[in-house]
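Colleague:
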Amino acid sequence: MADVIEVNCETGEVTTRPQTDEEIAAAKAAAAQAEADAKAKADADAAIAKAKASAQAKLTALGLTADEVAALVG
Amino acid sequence: MSLGPTLIASANANSGSVSNFVFSSIPQTYTDLLLKISVRSGNSGSQANLGIQLNSTTTGYYGLNLVTYNGSSVQSQADSNDTASYSQYTSTNGMTSGIFGNADIYIPNYTGSTQKILSGDFVTENSGTTANYTGISSSYCSGFTAAITSLTILSGANLQQYSTAYLYGISKS
Numbered sequence: 081m082a083d084v085i086e087v088n089c090e091t092g093e094v095t096t097r098p099q100t101d102e103e104i105a106a107a108k109a110a111a112a113q114a115e116a117d118a119k120a121k122a123d124a125d126a127a128i129a130k131a132k133a134s135a136q137a138k139l140t141a142l143g144l145t146a147d148e149v150a151a152l153v154g
Numbered sequence: 022m023s024l025g026p027t028l029i030a031s032a033n034a035n036s037g038s039v040s041n042f043v044f045s046s047i048p049q050t051y052t053d054l055l056l057k058i059s060v061r062s063g064n065s066g067s068q069a070n071l072g073i074q075l076n077s078t079t080t081g082y083y084g085l086n087l088v089t090y091n092g093s094s095v096q097s098q099a100d101s102n103d104t105a106s107y108s109q110y111t112s113t114n115g116m117t118s119g120i121f122g123n124a125d126i127y128i129p130n131y132t133g134s135t136q137k138i139l140s141g142d143f144v145t146e147n148s149g150t151t152a153n154y155t156g157i158s159s160s161y162c163s164g165f166t167a168a169i170t171s172l173t174i175l176s177g178a179n180l181q182q183y184s185t186a187y188l189y190g191i192s193k194s
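Taken in sequence, the protein lines are chains A and B.
The working numbering puts the first residue of the first sequence at 81, with every later residue one more than the last.
The working numbering puts the first residue of the second sequence at 22, with every later residue one more than the last.
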């Protein structure tokens with residue numbers, strides 16, 4: 081990981097310093113959280129797409145036109 | 022004193038990527054704080070978590086909620102006991118080159134002794150080539166009652182070159 085840019089708001093001093101152990105641990109946790117969130121979102125997107133396709137097929141089977149299905153399901 | 026927003030400090034990664042931005046020794050003379058952030062994460066995913074830590078605290082960020090729209094569906098998420106307030110998303114290196122995610126985060130009553138709340142909105146720009154996330158967020162930092170003297174901005178990977186963050190103070194009187 082790269083360095084930290086720290087700005088002292090009282091003095092305006094800008095310091096570039098190495099990460100502390102706590103910051104390294106937080107960065108690792110952030111990376112793991114990001115990976116988990118990305119997977120959860122991908123799974124959710126896939127589930128929604130599957131449900132949408134199923135709904136469209138069922139509506140079409142009921143006799144709705146493509147425009148009517150699109151108006152309902154998008 | 023101007024009621025604000027008054028620029029307190031800014032940080033940038035104009036010389037190259039960095040791991041975090043830290044605003045330290047935040048003056049205790051304002052009522053609220055406002056962060057305006059434009060960053061790109063080194064993460065390669067479709068979005069990266071944009072995190073805020075109060076006083077370098079790495080535990081106890083409970084009750085985080087967000088509502089996002091990715092161009093096709095609305096989603097929500099609630100986290101608990103995270104190591105930072107990860108209520109915003111930002112753009113990543115997996116997206117169009119040179120594109121940054123943008124977020125505004127409002128922190129009311131930062132000098133008070135009550136538990137802290139962060140609210141915000143964000144968008145992960147991507148030039149329309151793939152799903153962009155647009156969202157609103159709030160974070161409830163349960164148990165965090167200390168006055169905020171420092172803010173750390175991080176993502177799941179390095180903040181890429183030309184990432185920027187601005188910290189403003191807002192006074193009510």
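The C-beta atom is built at its ideal place from N, Cα and C for all residues, glycine as well.
1. Note the first and the last residue of the continuous alpha helix (DSSP H) segment covering Leu142/A.
2. Below 9 Å on C-beta distance, what does Gln113/A contact in chain B?
3. Would Ser160/B pass as a contact of Ile138/B if the rule is Cβ separation under 8 Å?
4. If you scan the stretch 103-166 of chain B from start to end, which runs of the beta strand (DSSP E) of 3 or more residues do you find wholly inside it?
5. Are the Cβ atoms of Ser158/B and Ser97/B separated by less than 8 Å?
6. Mind listing the chain A neighbours of Pro48/B? Cutoff is C-beta to C-beta under 8 Å, in chain order.
7. I want to verify the contact list: residues of chain A whose CB lies under 9 Å from the CB of Phe165/B, in sequence order.
8. Whose C-beta lies closer than 7 Å to the C-beta of Ile85/A among residues of the same chain, with five residues either side of it excluded?
9. Could you tell me which of Thr78/B, Ser31/B, Ser45/B sits nearest to Ala106/A, measuring between CA atoms?
10. Starting from the C-beta of Ala69/B, find all residues in its chain whose C-beta is less than 6 Å away, skip the five residues before and the five after it, and write them out in chain order.
11. Inspect the beta-carbon positions of Ala30/B and Ser184/B and report whether they are closer than 8 Å.
Modeller: Inspection of the coordinates gives the following:
1. Where Leu142/A is concerned, there is no enclosing alpha helix (DSSP H), given that its DSSP letter is neither H nor E.
2. Asn70, Gly72, Asp100, Asp103, Thr104, Ala105, Tyr107, Gly177
3. yes
4. 106-113, 122-128, 137-145, 155-162
5. no
6. Cys89, Glu90
7. Neighbours of Phe165/B on chain A: none; closest Cβ ~15 Å, over 9 Å.
8. Val94, Thr96
9. Thr78/B
10. Ser62, Thr111, Thr113, Ser176, Gly177
11. no
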